[in-house]
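Worksheet: one structure, shown below.
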Amino acid sequence: MDILLKLFLLFLKVNLLSTSGPASVGLLYHEVVVGKLVTESQFVQAVGLSSVLPGSDALQLAMYIGYAIGGISGGLVALAASILPPTLIILGVTMILHRVRREAWVGNFVEGLAPAISVLMLFTAWKIFQKGGATGWQGWAIGIVSLIAMSLKVPERIVVVIAALVGVFFLS
Amino acid sequence: MKPSKFSVWLNLLWMFLKVNILSPSGPASIGLLYKEAVGKIMTEAQFVEAVGFSNVLPGSEALKLAMFVGFAAGGIPGVFTALLGAILPPTVMMLIVASVLQQFQHANWLDGFVAGLSPAVAALIIVVAWELFRASTRKKIDRRVVLIAVLSAVAFWFEVPSPLVLLGAGILGVFIYGRRSYG
């Protein structure tokens with residue numbers, strides 16, 4: 004199949020089955036890393052950088068992964084596929100908002116989605132940790148310290164930047 | 016004097032460019048957007064409703080919120096103006112970073128970069144997963160949430176394709192959450 008079409012369908016699917024950028028990481032990982040479209044290392048860069056740079060994580064993930072797979076046109080196609088589902092849904096909702104209040108079943112669908120997404124993310128976190136590089140005591144140390152820092156409400160992007168710098172200076 | 020449509024759109028575009036340059040992610044942009052929009056473009060109740068909808072519908076959160084605010088300010092053209100403002104900053108920045116980094120895929124320092132980044136990214140994913148799980152249970156751990164979590168864990172363990180598992184979880188949600196009134 005044409006790679007651009009494949010990218011388009013992939014991001015369409017991911018954006019229909021998740022509610023925000025970070026939540027789409029689990030599903031995206033299975034589609035692009037397990038599907039061998041990008042390397043483990045590229046995926047980690049995409050997630051790390053999208054959490055550091057300002058603006059929507061979901062779009063940045065799409066941009067990075069799309070670019071890594073298919074250059075600029077790949078990035079644009081991934082972007083379009085990520086924008087399309089929410090735009091069409093919102094246009095639909097705003098147009099019928101006056102008559103239909105909350106569609107209960109859509110809410111229930113997303114509510115059922117949430118625990119499954121959380122579990123998928125845990126599986127993904129473990130795989131990224133295992134294959135990402137530093138798995139010795141250094142990796143555990145960075146991971147545990149990051150986890151503690153984030154649960155103490157240290158801004159996530161600061162934690163991510165520091166971990167990457169530690170990597171550049173001590174692990175390369 | 017009523018401001019012209021053009022200046023409404025221009026303000027909207029500027030507002031979303033600003034919010035998206037200053038905030039790291041969708042959820043974080045809500046606070047900033049609140050200050051910019053409530054009282055000027057929409058009422059507090061409208062804003063809360065928009066946030067609620069953004070959480071309930073599939074797709075990127077930040078985009079949905081932007082489109083709701085855009086609609087309140089300028090109708091359908093407002094939706095597209097807000098969308099443009101929300102899309103441009105993150106993607107242009109990412110495009111630049113991505114194109115630079117692709118040049119260094121075989122550099123030594125990048126290996127270290129990724130080695131350090133991986134555990135932190137794993138930690139980040141765990142934290143977000145926990146927040147998502149907690150948000151879905153509202154106040155107390157619900158039996159139905161645990162049921163879906165356990166079933167999907169089993170399914171992932173046996174390597175059922177993840178889109179199928181998510182789809183199944185959503186459909187299960189439609190059935191077991193059944194009739195419930197929304198506020």
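First to last, the protein sequences are chains A and B.
The working numbering puts the first sequence at residues 4 to 175.
The working numbering puts the second sequence at residues 16 to 198.
Beta carbons: idealized from backbone N, C-alpha and C, even for Gly.
{"Check": "C-beta neighbour in chain B for residue 51/A, strict 9 Å", "Outcome": "yes"}
{"Check": "Host alpha helix (DSSP H) of residue 169/A (start-end)", "Outcome": "159-169"}
{"Check": "Whole-Å CB distance - residue 26/A paired with residue 143/B, under 8 Å assumed", "Outcome": "7 Å"}
{"Check": "Close-in-space but distant-in-sequence residues of the same chain around residue 29/B (CB under 8 Å, 5 per side omitted)", "Outcome": "100"}
{"Check": "Proximal residues to residue 197/B (C-beta, below 6 Å), its chain only, five neighbours per side dropped", "Outcome": "Note that residue 197/B scores a pLDDT of 45, beneath 50, so its modelled location is shaky and nothing firm can be said."}
{"Check": "Contact list for residue 166/A against chain B, beta-carbon separation under 7 Å", "Outcome": "131, 132, 134 and 135"}
{"Check": "Option in 174/B, 114/B and 36/B with minimal Cα separation from residue 37/A", "Outcome": "174/B"}
{"Check": "Assigned secondary structure, residue 53/B (DSSP; H/G/I helix, E/B strand, else coil)", "Outcome": "strand"}
{"Check": "Beta-carbon proximity check, residue 128/A vs residue 163/B, cutoff 9 Å", "Outcome": "no"}
{"Check": "Outcome for residue 31/B when other beta-carbon atoms lying within 10 angstroms are tallied against a minimum of 16", "Outcome": "buried"}
{"Check": "Residue 83/B (DSSP reduced to helix, strand or coil)", "Outcome": "helix"}
{"Check": "Beta carbon proximity, residue 20/B to chain A, threshold 9 Å", "Outcome": "no"}
{"Check": "Three-state secondary structure assigned by DSSP to residue 156/A", "Outcome": "coil"}
{"Check": "Contact set for residue 103/A: own chain, Cβ-Cβ below 7 Å, skip 5 residues either direction", "Outcome": "Unreliable positioning characterises residue 103/A in this predicted model, as indicated by a pLDDT of 45, which lies under 50. A coordinate reading is not provided."}
{"Check": "CB contact check: residue 169/A to chain B, cutoff 9 Å", "Outcome": "yes"}
{"Check": "Chain A contacts made by the segment 83-95 of chain B, where a contact means CB separation under 8 Å", "Outcome": "83, 86, 91 and 94"}
{"Check": "Spatially closest choice to residue 110/B from 52/A, 159/A and 7/A, by CA coordinates", "Outcome": "52/A"}
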